[in-house]
Structures are given as C-alpha cells and as structure tokens.
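Chains as they are written, first to last, in the working numbering: chain A, 12 to 397; chain B, 860 to 1111. We treat Cβ as the ideally placed atom computed from N, Cα and C, and that holds for glycine.
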Amino acid sequence: MQYGLTEEQEMIAATVRSFVENEIYPHEDLVERTGEVPAEIAQEIKQKTLDLGFYACNFPESVGGAGLSHMDFAIVERELGRGSMALNHFFGRPQNILMACDGDQVDRYLMPAVRGEKMDALAMTEPGAGSDVRGMKCSAVRDGGDWVLNGTKHFISGADHADFFIVFVATGEDHTPRGPKKRITTFLVDRGHPGFTVRDGYKSVSHRGYKNMILEFDDCRLPDAQVLGEVDGGFEVMNTWLYATRITVATMCVGRARRVFDYALDYAAQREQFGQPIGKFQGIGFQIADMITEIDAADLLTLAAADRLDKGLPSNREIASAKLYASEMLARVTDAAIQVHGGMGLMDDFPLERFWRDARVERIWDGTSEIQRHIIARDLLRPLGA
Amino acid sequence: MKVLVPVKRVIDYNVKVRVKADGSGVDLANVKMSMNPFDEIAVEEAIRLKEAGKADEVVAVSIGVKQAQETLRTALAMGADRAILVVAADDVHEDIEPLAVAKILAKVVEEEQPGLVLAGKQAIDNDMNATGQMLSALLGWSQGTFASELDIDGDKAVVTREVDGGLQTINVTMPAIITVDLRLNEPRYASLPNIMKAKRKPLDEKTAADYGVDTTPRLAVVSTAEPEARAAGIIVGSVDELVEKLKEAGAV
Ligand SMILES: Cc1cc2nc3c(=O)[nH]c(=O)nc-3n(C[C@H](O)[C@H](O)[C@H](O)COP(=O)(O)OP(=O)(O)OC[C@H]3O[C@@H](n4cnc5c(N)ncnc54)[C@H](O)[C@@H]3O)c2cc1C
Ligand SMILES: Cc1cc2nc3c(=O)[nH]c(=O)nc-3n(C[C@H](O)[C@H](O)[C@H](O)COP(=O)(O)OP(=O)(O)OC[C@H]3O[C@@H](n4cnc5c(N)ncnc54)[C@H](O)[C@@H]3O)c2cc1C
C-alpha cells in the first residue's frame, strides 16, 4: 500500500467534505425533527450531485460513472459519512450489482440508475433470515414460462424512494453432504408491479429519516427478463458485487468519528472546570488520545482493504476486519465524546446523542460484528484444516 | 481574451489561528491551508467569463512556497486551463510582500499578455489589500477594485464597486486589473471530471529569480498578538437599567 493520498484523492476528499458541510449539514436538524427528507431538498441534493459528476461515481466510465477505484470511492464515502445518511442517500451511489444487468436490463435499470432517473434498493433480509441468508423463505417457482414470487423481506433501506428493487429469493434446494442448501436467484422488481407491495417498516433508533421498509410478494408474477445474472446464480452475483459494500460501512464510520472527534476536542479545550480546561485533566486528555488513535487505525485499516481490492488481492478477511473495527471504534468514540461533554452530551442541543444513536446500527447491518469475526477466524483457520 | 488570476495559499478560514510563541507571526506548521476565499471568487468569475464566451483561456498563477502547487491544482480543478507556480520562499512562514508579488505579476503579465487580471481584493491572512492596486500602477493599467458586479463589454469593463455607503458603478478601459469582493459570485465545487483532469493540465514552475525580482522584505513585523478576549456580556432587565449601566460605564 502506498501511504498518503494522491493530489486527486485530496481534492476529492476536500470537495465531498465541503459539499457535505454546505449542502447536507444545514438540513440535518429538520430531518432529525421530522424523520423525513422533504422532496425538494432530496431533488436539490440529487441535482447538485449530478451536476458535479459525483452521481454514481462508483460506476465505470463505460456506463457513465466516474470509474473511481475502490480507494477513491472509499474516500468519497468517508467524507459522506460525516453527514446524515437520510440526506446522503440522494448523493446517489446505486448498487454496483447493477453492472450484472444484461440485454435490455441495461437500458431499463442500469443506465437510469446511473443517470439518477431511477433509484434502487436491495432486498436480502427476511424476518426469519438475517445473518443466515441461505435460510431465506422467500421463494420463486416456475409457472409456465414465468416465475411466481411469494414471501416477505424486511429492513429494506431506501425502499421508500426506490423505483425498483434487487431481490434475492430461493429458487430450489440442493442436497449436499452437509445437508440441504438453497439455490438463490436475483430478480429486478419494479415498484407497483402486481403482487408486490411496499409497507412501512419499523422505527429505528439510528439514522432518522433513513427508512427501512417491508416488502411483500403475494403471487407476484415475473418473466425471465427480470432475472439479474443467471437463474440459481444469486450467490455468485452476491459474492461478486456485494463483497465490497462493507468497506462503505467502515469508511463512513471513520468519517463520522472524525466529525464527532472535532466536537470532543473542541469541548475539551474550551470547557473549564476546577479552574482549567478539562482536556488538561489526564482523565479527559487520555480519552482524546485514545479516540484519535483508534480513528486513525480504522482509517488506515479501511484504506488498506480498499487498496487490496484495487490490486485484485483476496480481501475478504481484510474487509471484515475493517468493518468490524471501524464500527466498534465508532461506538467507543461516540460514547467517549458524550462523556467528555458531561451532561450536555446527552442533550439534543448538541448532535452527539444523535451520533451515538446512529453508531449503533453500524455493528449490525451489512453483517454483524459476530459474522465479521466468524469470517476472519474462518479465513485464518480453514487453511489449517480447522 | 486571456484572463490571469493570481491565487494565494493562505491559512484555511475555518482554522482557529494561533500566534507563535515568539510573537513573530501566526503558527502555520501542520495547519490546514486553502485558496484565499477572494481568489476563489476571482477564479469563479474568470471561468464564468470563459463559459460566457468572453474569455478563451484562464491562467492561474501563485507566488509563494512550493506547496502552493496544491492551490493551483484546486484552481485547475475548478476549471482554469493552466497554471504557473512562482516559487519565492522555502519557509511557509515567509510571506511575500505585495510589492514583490506585484512586480512578479507584472513580469508574468508581460510574458502572458492577458487582457484582464482578476484578483481577490485582499488575502485573508494579512489583509494587505494592495497587490491589485500596485500591479495596476506598475503596468499603467486601469483598475476596478472591490467588484461586486462585473460586465465585460468589448474594450470596456463595467464594474460595480462596494464602497462605504453604497454601490458605485464605474467604466474602466481594458486591459484592466479587477479586484473582487465577497458578493460577486458563489464559487463552484470542483466537479469530479475536472478533478480527474486537473493533474493533466499544464503547471509551469518558475522562481522569483527567473523574473529578476528581489523579494527581500521591506517591512518588519514587530510583534503579533492574539486579540484580547471579549469579556462576557450581561443581560439587563429594563431600559432604565440599561441606561444606568451605560452611564456607569461612561458611555452616555
Ligand atoms: C436499519 C437497517 C437497515 C437494513 N437495510 C437492509 C437492506 O437494505 N437490505 C437488506 O437486505 N438487509 C438490510 N438490513 C438487514 C441487516 O443486514 C441484518 O439486520 C443483519 O444482517 C443481521 O440480521 P438480523 O437483524 O436478522 O439478526 P440475526 O441474524 O437474527 O442475529 C441476531 C444475533 O445473533 C448473532 N448471530 C447470528 N448468527 C450467528 C453466528 N453464526 N455466530 C455468532 N453469532 C451469530 C448476530 O451476530 C446477532 O448478534 C438492515 C438492517 C437494519 C437494522
Ligand atoms: C439528565 C440530567 C439530570 C440532572 N439533574 C440534576 C439535578 O437535578 N440537580 C443538579 O444539581 N444537577 C443535575 N444534573 C447535573 C449532573 O450532576 C452533572 O451533569 C454532572 O455533575 C457533570 O457535570 P457537567 O455535566 O457540567 O460536566 P463537566 O463537569 O463539565 O464534565 C465534563 C467532563 O469533564 C470531566 N471532568 C471534570 N472535571 C474533571 C477532573 N477534575 N478530572 C477528570 N475529569 C474531569 C467529567 O468527568 C466529564 O467527563 C443532571 C444532569 C443530567 C444529564
């Protein structure tokens, strides 16, 4: 890994950061208070992102993206991580998995997503199948030349704004020496398609305004043209394209932690008790020292994982380590920042209680901390036969 | 028409400045540096002139330490066509005085033959507000300072100036030096494609010696001090109390 950012990367970071500070921060209180992003604000953020050529910057130039490397993109996401998830959603970064679009899917889904004309959401999780994706009950069966989908997905982020959904469902079962194993297929489903409904989900403690919804399929009939990738090839599609999204979680945690840290550092320098700035007491100064050390460590771990991906090296374990460490670091940093602020840290006059709430989900979505540890341990132990 | 835009690398306006322990100036070690905000406005205006078809090339120039290259890259990422870096100092704490900067700029103008120089009205680090005016004197060109509106019309520029008590509109004959004020425009963000292109745009590196300009300081900084902390205010209960307090303070 080459240390330090290139001039372009520094400029990308500075631009996205100033975009977030000027275009996202001013609306955050409103979103927190109401739990909604007003449509005109969403449209404004989307249009500005399009104008700046940052929309869908994670896509290759051949389809109208910016062709950023994983490292460049991690830097974009890191700076976005400072701002509200609900608002950043409109700094569109469609799912890379859409690159698996084929034939007329390119013009119906991929290109409109890259141009910001259609928004996507991705649905894997079910009430009975979270970490255990293969345990999914949502299924599609052949009927004539079509597929008929039945089942429920929940926790689907961005479903309130999505025009279409990338949905993973079981399309059969293989018998293996280790027991039955589901075959999975990926479908593209339009909002409003007969037999498909989107319902309000739960109220989450984290990321107000970034809603999760419930999808219901009730004899939802789809032609073969809606299959993304190969029939029964859902796991391949997943492994090829979803592998890197954990870097997004990790790097956003780093960006948010840096924003939180600035509040804590400032307060430690300004707030006086017992006749001096509280930062001068070792009890506070050492917390500040630990915070920045962990933030820098998470930053480097994440960029190193992105760099490995760019070099085409195996990175599953490294990405898991970055996601695990950065999300747990953010929990510690937001907690410590509140401690430094004393009672005021809990009050919504400061955004610290929000950062602390928002941090909670990062250890759960895109694979829980336990699942990341499982991946790391398996990666190391399996070659040794354990 | 070619537009020349001088840009200065200064301490970022968000940074809380700290005076060096020896009082010789502001501590710039490990501090975030950015383009002088007024210069950003000048770059923006130059790019808008180009987009409006009134300029065909925008050249950014910076005089200072080698690191000013980053400032120039920012100008290129915003949309400037090429850049000239004139290295005139090694130490980031060494500020090049307005007269030396103006002399170097005069030489650059001689070489580049721009039809317009668009500069910030002042740099936020030392607030000199002199470079544009000095350059105008050295070149014998017309000047329009503190522009809050600018309209180029052939060999004439219509400049609205923010002056005490209102707005003044003047016509200046081109070529001219225009220095820009805060309300002229709102600078754009660099677009992603322009950021990626910036590296490939030409950036020439020169030194002050190349232009035969002596940058030895003529001014000596005697001391630099933090502004005195403002005492906390008080809340008064009534107008009578306010008047009484003002009397006590000898203000009325
Ligand atoms: C706000 C939010 C938004 C989301 N958005 C989306 C989305 O857009 N699309 C989508 O498909 N999903 C989404 N998810 C789902 C998310 O990915 C799952 O919540 C996550 O994978 C965990 O699944 P679960 O919540 O069912 O927990 P479970 O899998 O039931 O886990 C419960 C606990 O058991 C532990 N556990 C499970 N298996 C093991 C094991 N083998 N070893 C040790 N411990 C284990 C877990 O670590 C956890 O602590 C979202 C979730 C949330 C909260
Ligand atoms: C919900 C709520 C209800 C409350 N109710 C009441 C009430 O009914 N009546 C009442 O009188 N008060 C009440 N309090 C006040 C509470 O007791 C104070 O918040 C608490 O004493 C901490 O003071 P502070 O918030 O000003 O933090 P600060 O004292 O400013 O502390 C900030 C940080 O500096 C640290 N710190 C301070 N001094 C030192 C030191 N010497 N060495 C190391 N670290 C140090 C602290 O541990 C903390 O981490 C309430 C507070 C809250 C949040």
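Whole angstroms are fine: how far does the CA of residue j sit from the CA of residue i?
i	j	result
A/Glu90	A/Gly296	26 Å
B/Ile1036	B/Asp898	13 Å
B/Val874	A/Gly206	56 Å
B/Gly1025	B/Val1039	16 Å
A/Gly203	A/Lys129	14 Å
B/Ile1011	B/Ala914	10 Å
B/Ile1094	B/Glu1107	15 Å
A/Gly356	B/Arg877	27 Å
B/Met937	B/Ala1057	9 Å
A/Arg267	B/Pro1061	36 Å
A/Ala35	B/Ile922	For the sequence presented, residue 35 of chain A should be read as Ile rather than Ala. Approximately 35 Å between the Cα atoms of the pair.
A/Cys231	A/Ser150	10 Å
A/Leu363	A/Arg93	12 Å
A/Pro49	A/Asn99	13 Å
A/Gln20	A/Asp83	6 Å
B/Val1017	B/Lys962	26 Å
A/Phe101	A/Val271	23 Å
Under a three-way DSSP split, which group does residue i fall into?
i	result
A/Cys68	coil
A/Arg393	helix
A/Gly290	helix
B/Met892	strand
A/His218	coil
A/Leu239	strand
A/Ile86	helix
A/Trp367	helix
A/Glu329	helix
B/Val951	coil
B/Lys1065	strand
B/Val874	coil
A/Val372	helix
B/Val976	strand
A/Gly353	helix
B/Leu964	helix
B/Ile943	strand
A/Arg232	strand
B/Phe897	helix
A/Ser80	coil
B/Glu956	coil
A/Phe297	helix
Please list, in chain order, all residues of the same chain as residue i whose beta carbon is under 8 Å from its beta carbon, the five residues on each side excluded.
i	result
B/Asp1014	Thr1032 and Met1033
Please confirm whether any heavy atom of ligand 3 lies closer than 6 Å to the CB of residue i.
i	result
A/Phe361	Judged by which ligands are present, ligand 3 is missing from the structure shown, whose ligands are ligand 1 and ligand 2.
So what does residue i bridge to, in DSSP terms?
i	result
A/Ala181	A/Ser150 and A/Ile195
A/Thr187	A/Gly190
B/Thr1019	B/Glu1008 and B/Thr1028
B/Pro865	B/Val920
A/Met224	A/Ile167 and A/Asp211
A/Glu137	A/Ala140
A/Gly162	A/Phe228
B/Thr1038	B/Ala978
A/Ala347	The partner list for A/Ala347 (beta bridge, DSSP) is empty, contrary to what the question assumes.
Identify, in the order they occur along the chain, each residue of the same chain with its Cβ nearer than 7 Å to the Cβ of residue i, setting aside the five sequence neighbours on each side.
i	result
B/Val890	Ile870 and Val874
B/Glu971	Lys861, Leu863 and Val918
B/Thr1004	Lys980, Gly991, Gln992, Arg1020 and Thr1038
For residue i, collect the residues of the same chain with a Cβ closer than 6 Å to its Cβ; drop the 5 residues on either side in sequence, then sort them by chain order.
i	result
A/Ala309	Val265, Tyr336, Ala337 and Met340
A/Gly245	Phe179, Ile195, Thr196 and Thr197
B/Val924	Ala948 and Val951
A/Ala275	Ala348 and Val351
task = Report the residues of the segment 1042 to 1053 of chain B with a CB closer than 9 Å to any CB of chain A, ordered along the chain.
result = For the segment 1042 to 1053 of chain B, the residues whose beta carbon sits under 9 Å from a beta carbon of chain A are, in order, Arg1047, Tyr1048, Ala1049, Ser1050, Leu1051, Pro1052 and Asn1053.
query = What residues in the segment 1005 to 1032 of chain B have a beta carbon less than 9 Å from any beta carbon of chain A?
reply = Contact annotation: in the segment 1005 to 1032 of chain B, no residue has its CB less than 9 Å from a CB in chain A.
ask   = Going along the segment 921 to 938 of chain B in order, which residues come within less than 9 Å of chain A, judged by CB to CB distance?
value = Gln928, Glu929, Arg932, Thr933 and Ala936
query = What are the residues of the segment 55 to 81 of chain A that lie near chain B, defined by any Cβ-Cβ distance shorter than 7 Å?
reply = Leu63, Gly64, Phe65, Cys68 and Ala77
ask   = Along the segment 1055 to 1081 of chain B, what residues have a CB closer than 8 Å to any CB found in chain A?
value = Residues Met1055, Ala1057 and Lys1058.
task = With 7 Å as the limit, tell me which residues of the segment 23 to 43 of chain A have their beta carbon closer than that to any beta carbon of chain B; keep them in chain order.
result = Ile23, Thr26, Ser29 and Phe30
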